[in-house]
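Peer 1:
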Amino acid sequence: MYCFDAPQQNPNTNHGFVGNALKAKINDIDHINCEAGDEDSFFVCDLGLVKRAHQIWTEMLPMVQPHYAVKCNTDSRIISTLANLGCNFDCASKAEIESVLLQGISANRIVYANPCKTNSFIRFAKTVDVNLTTVDNCNELHKMKQFHPECGILIRLATDDESAQCRLSTKFGCTVESAVDELLPLAQELGLPIVGVAFHVGSGAKDFGSIYKAVQDARMVFDIGHQLGFKMNILDIGGGFEVETFEESSAMVRMSLEKFFPNENEQVKFIAEPGRFMVSNAFTLATHVIAKRDLPRHFVTDDIENGVKAMIYINDGVYGNLNCILFDHQHPIAHVLTHRDNFYYNGNDAHGKGKHGFSIWGPTCDGLDCVSVRSELGFDVDVGDWLYFPNLGAYTSAATTSFNGFKAVADVIYVDSTL
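According to UniProt numbering, the sequence shown is numbered sequentially starting from 1.
Structure, rendered in structure tokens:
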């Protein structure tokens, strides 16, 4: 019996840890006389929500060993917290591998899950004893033979991920036919150790039948691999899992594995590469309102008709920690955190509930730096107020830039609602 209880950012359940940290940080800022940068945007991370997400994973998919996708959020406290919980790691580059090893984590807990690797990175992986990777083409097999011939190899299959928000099979993965007719025979000829199969149905997938089909395809490759003499014993089911749909997706994973890999004597190890599932709800971004432009009625008629009466500018945007708007198809929701020195964390000011319409813009000089074309907030926000954006732990800080000279890396305050 599997029971799903999603981790949520709610002060009523995490004892207000996040709200208290936000308030304390802002109260420490002298907004009139502070040094430049003291009022920069910042994160509050609740490590308790990371722990809860990992607990849910182990409850719902106890047969699948998670390998946290480091690319999702490279925060060292996240890595160490998950490592202490027994989570392993999915790395895609030399720098990501180093970030895990620097925590004192063993290299045998890393899968180098990048099917198309730089030669020098392969040599580095061999040097530090990272001995499991993914491959989806014959050229990569030749590289592995030259630079890391003892490394265990997972053949990365393409999947039917048309429903996914971020489709990965357009870039990575081979067909079952290619795996069976080309990669397996070449690996046999080269004497390379093919140890299993990997796939990734894409981030934000809603058609969970793609998981079933991918596991079915993996079974076919396993069977042919066994016939060719390979010791196939690892199935990597990838990532893309989301909190909101995890009950359904995890049920499909369990059913698919039970159907196509039911033989306990086969001793197949199941692994996965969750990223956003572990961290998306754990981070809250606080931003400062640095400017405001009231829109006269003759200026932008369409905006007035849509209820947008002013443009507000904040000190973070799509070139910073809100890059997820461009790169990850996210739609962050702004909430009022402070207004005229009053604190409103968890107030009833979510988008669609307020009566004051704003468009929200980032600090750069690029017109593309738009955070929201329309947000309805509970207060008539002024310069000097603060807004917050919950659920920004995934694919945000990991992809920031310093475009226009703005700070790329936001400070993080850590709390733990499990303590």
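We put the CB at the ideal spot given by N, CA and C, even for glycine. If you're wondering where the values come from, they're calculated on a predicted model, not measured in any experiment.
Decide yes or no for the touch test of the stretch 253-268 against the stretch 66-74: beta carbon pairs closer than 8 Å, at least 3 of them.
Peer 2: Output reads no: the stretch 66-74 does not touch the stretch 253-268.
Peer 1: Which of the three DSSP states, helix, strand or coil, is assigned to phenylalanine 358?
Peer 2: Residue state, collapsed to three classes: strand.
Peer 1: Looking only at its chain, what residues have a beta carbon closer than 8 Å to the beta carbon of alanine 408, apart from the 5 residues adjacent to it on each side?
Peer 2: Only Gly320, Thr400, Thr401, Ser402 meet the Cβ criterion.
Peer 1: Quick check on methionine 311: does DSSP put it in helix, strand or coil?
Peer 2: Note: methionine 311 maps to strand in three-state DSSP.
Peer 1: Can you give me the C-alpha to C-alpha distance between glycine 239 and histidine 200, rounded to a whole angstrom?
Peer 2: If you take the alpha carbons of glycine 239 and histidine 200, they lie about 6 Å apart.
Peer 1: Starting from arginine 254, trace the alpha helix (DSSP H) in both directions and tell me its first and last residue.
Peer 2: 246-260 is the extent of the alpha helix (DSSP H) around arginine 254.
Peer 1: How many angstroms separate the CA atom of threonine 418 from the CA atom of glycine 48?
Peer 2: Approximately 5 Å between the Cα atoms of the pair.
Peer 1: Assuming leucine 387 and threonine 287 make a contact with CB atoms under 8 Å, what is their CB distance in whole Å?
Peer 2: Their Cβ separation, rounded to whole angstroms, is 5 Å, which keeps leucine 387 and threonine 287 in contact under 8 Å.
Peer 1: Check whether the Cβ atoms of alanine 158 and cysteine 138 lie closer than 9 Å to each other.
Peer 2: Result no, Cβ atoms of alanine 158 and cysteine 138 do not sit closer than 9 Å.
Peer 1: Exposed or buried, what is alanine 164 when buried is set at 16 or more other beta-carbons lying within 10 Å of its beta-carbon?
Peer 2: Interpretation of alanine 164 is limited by its pLDDT of 47, a score under 50 that renders its predicted location unreliable; the figure taken from the coordinates is listed afterwards. It is buried - the Cβ of alanine 164 has at least 16 other Cβ atoms within 10 Å.
Peer 1: Mind listing, in chain order, the continuous beta strand (DSSP E) runs of no fewer than 3 residues lying wholly within the stretch 360-386?
Peer 2: As far as the stretch 360-386 is concerned, its whole beta strand (DSSP E) runs of at least 3 residues are 370-377.
Peer 1: Rounded C-beta distance between alanine 410 and phenylalanine 17? I'm assuming under 8 Å.
Peer 2: Not confirmed; about 19 Å, so no contact.
Peer 1: Over what stretch of residues does the alpha helix (DSSP H) that includes lysine 213 continue unbroken?
Peer 2: 209-227 is the extent of the alpha helix (DSSP H) around lysine 213.
Peer 1: If you follow the alpha helix (DSSP H) that leucine 190 is part of, which residue opens it and which one closes it?
Peer 2: Here the alpha helix (DSSP H) through leucine 190 covers 184-190.
Peer 1: Starting from valine 100 and walking both ways along the alpha helix (DSSP H), at which residues does that stretch end?
Peer 2: Run containing valine 100: 94-101, per the alpha helix (DSSP H) assignment.
Peer 1: For a quick check, are the C-beta atoms of valine 197 and leucine 154 less than 9 Å apart?
Peer 2: Closer than 9 Å, so yes.
Peer 1: Please specify which runs of the beta strand (DSSP E), each continuous and at least 3 residues long, are wholly inside the stretch 130-181, giving them in chain order.
Peer 2: Runs found: 132-135, 152-157.
Peer 1: Work out the CA separation of aspartate 294 and asparagine 404 for me, nearest whole Å.
Peer 2: One C-alpha to the other measures close to 25 Å.
Peer 1: Taking its Cβ as the centre, do 16 or more other Cβ atoms sit within 10 Å of asparagine 233, making it buried, or is it exposed?
Peer 2: Flag for asparagine 233 reads exposed.
Peer 1: Cβ of valine 318 within 9 Å of Cβ of aspartate 369?
Peer 2: Yes, Cβ-Cβ distance for valine 318 and aspartate 369 is below 9 Å.
Peer 1: Check for me: the beta strand (DSSP E) holding valine 195 runs from which residue to which?
Peer 2: Where valine 195 is concerned, the enclosing beta strand (DSSP E) stretches over 194-199.
Peer 1: Are the CB atoms of lysine 309 and histidine 339 within a distance shorter than 9 Å?
Peer 2: Taking 9 Å as the Cβ cut-off, histidine 339 and lysine 309 do not qualify as a contacting pair.
Peer 1: With aspartate 416 and aspartate 160 assumed to form a contact (beta carbons below 8 Å), what rounded beta-carbon distance in angstroms separates them?
Peer 2: Not quite, the Cβ-Cβ distance comes to about 40 Å (not below 8 Å), so this is no contact.
Peer 1: Could you give the distance in angstroms between the alpha-carbon of valine 44 and the alpha-carbon of leucine 228?
Peer 2: One C-alpha to the other measures close to 52 Å.
Peer 1: Measuring alpha carbon to alpha carbon, tell me which of Ser80, Ile333, Leu186 ends up nearest aspartate 389.
Peer 2: The sequence shown places phenylalanine at residue 389, not aspartate. Of the candidates Ser80, Ile333, Leu186, the one whose C-alpha sits nearest the C-alpha of phenylalanine 389 is Ile333.
Peer 1: Hey, would you say aspartate 385 sits closer than 9 Å to leucine 322, going by beta carbons?
Peer 2: It is not a contact, given that the beta carbons lie outside the stated cut-off.
Peer 1: Can the beta-carbon of alanine 21 be found closer than 9 Å to that of valine 243?
Peer 2: Contact: no.
Peer 1: Which value, in whole angstroms, describes the spacing of the CA atoms of phenylalanine 358 and isoleucine 314?
Peer 2: In a straight line, the C-alpha of phenylalanine 358 is about 12 Å away from that of isoleucine 314.
Peer 1: If the criterion is Cβ atoms closer than 9 Å, does the pair lysine 145 and glycine 86 meet it?
Peer 2: The answer is no: Cβ separation not under 9 Å.
Peer 1: Alpha carbon to alpha carbon, how far is histidine 329 from phenylalanine 89?
Peer 2: Near 24 Å, if we compare the C-alpha coordinates of phenylalanine 89 and histidine 329.
Peer 1: Go ahead and label histidine 226 buried or exposed: buried means 16 or more other beta carbons lie within 10 angstroms of its beta carbon, across all protein chains shown.
Peer 2: It counts as exposed.
Peer 1: Where does threonine 284 fall in DSSP's three states?
Peer 2: Note: threonine 284 maps to strand in three-state DSSP.
Peer 1: Does the Cβ of threonine 81 have 16 or more other Cβ atoms within 10 Å, making it buried, or fewer, making it exposed?
Peer 2: Per the 10 Å Cβ criterion, buried.
Peer 1: Does the distance from the CB of histidine 335 to the CB of tyrosine 344 come in under 9 Å?
Peer 2: Contact flag set, yes.
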